[in-house]
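The letter at position 28 of the sequence shown is residue 28 when you use UniProt numbering, and the numbering goes up by one with no holes.
No residue lacks a Cβ here, since even glycine has one placed at the ideal position from N, Cα and C.
Okay, structure first, notes after.
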Amino acid sequence: MLENVARFFAVLKEYDILLALTFIIIYWVMVRFTDKAITTLAVAKKVGLSRTLFIKRCFSLIYFGFLFAVYLIASGIGYGSFSIFLSSVFTVLGVGFIAQWSILSNITASFLIFFVFPYRIGDVIKIADGEDIEGTILDIRMFHTLIKHPEGNVITYPNSLLLQKSVTKCFDCANESS
Numbered sequence: 001m002l003e004n005v006a007r008f009f010a011v012l013k014e015y016d017i018l019l020a021l022t023f024i025i026i027y028w029v030m031v032r033f034t035d036k037a038i039t040t041l042a043v044a045k046k047v048g049l050s051r052t053l054f055i056k057r058c059f060s061l062i063y064f065g066f067l068f069a070v071y072l073i074a075s076g077i078g079y080g081s082f083s084i085f086l087s088s089v090f091t092v093l094g095v096g097f098i099a100q101w102s103i104l105s106n107i108t109a110s111f112l113i114f115f116v117f118p119y120r121i122g123d124v125i126k127i128a129d130g131e132d133i134e135g136t137i138l139d140i141r142m143f144h145t146l147i148k149h150p151e152g153n154v155i156t157y158p159n160s161l162l163l164q165k166s167v168t169k170c171f172d173c174a175n176e177s178s
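Following this line, the structure appears as structure tokens:
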């Protein structure tokens with residue numbers, strides 16, 4: 001199987017334009033498939049348009065980076081040169097992300113909330129924090145979640161803390177928070 005793939009890339013190496021076009025088509029198909037799946041999930045979970053677009057862009061960027069790396073290797077740049085370049089990029093990104101750890105953790109939490117968080121916009125929740133925050137979820141954004149307190153105040157709660165704390169869906173206080 002791997003020999004067939006190697007032969008395929010050897011033939012395509014002679015036709016760089018065809019190789020690039022092949023990767024562009026693969027990228028386009030992957031992005032379209034993922035966009036449809038994310039849109040379906042976003043509609044089912046009642047996720048806002050801005051958050052849905054953010055998730056789509058992230059997947060598109062990941063696909064582009066991966067396919068670009070495969071293209072460079074397939075077009076003959078060599079594993080050694082590519083690995084040096086990649087390690088340099090990851091070093092720079094690593095230093096930048098460590099400097100902004102809280103921002104990175106909120107973005108990561110936003111991804112997790114998008115795919116696995118059991119509560120939706122409009123649900124009444126109670127967060128077991130020092131102050132027992134309670135209210136209706138108004139919006140879930142990239143860095144924070146907006147919660148409307150029964151008294152009318154809007155609470156901005158960081159996504160990373162939302163995943164760390166115990167969250168309870170509140171059925172008996174739904175009339176109070178509306």
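Can you pull the DSSP bridge partners for residue i?
i	result
L53	According to DSSP, L53 bridges with nothing at all.
K36	Answer by DSSP bridge pairing: none, since K36 is not bridged.
K148	T136, V154
V167	I127
Are the Cβ atoms of residue i and residue j separated by less than 7 Å?
i	j	result
R120	K45	yes
Y71	M30	no
L67	F23	yes
T136	H144	no
S110	M142	yes
I127	K165	yes
G48	D139	yes
T52	A42	yes
Nearest CA to the CA of residue i: which residue from the options?
i	options	result
V154	L161, L146, S160	L146
Buried or exposed: where does residue i fall if 16 or more other Cβ atoms within 10 Å of its Cβ makes it buried?
i	result
L162	buried
K169	exposed
N159	buried
V124	buried
N4	exposed
V167	buried
A74	buried
Looking at the C-beta of residue i, does it have a partner C-beta in chain D at a distance below 7 Å?
i	result
A109	This model lacks chain D altogether, as it is built from one protein chain only.
> Counting Cβ pairs closer than 8 Å, one from the segment 101 to 115 and one from the segment 129 to 138, do we hit at least three?
Replying inline: The answer is no - the segment 129 to 138 does not touch the segment 101 to 115, with fewer than three Cβ pairs under 8 Å.
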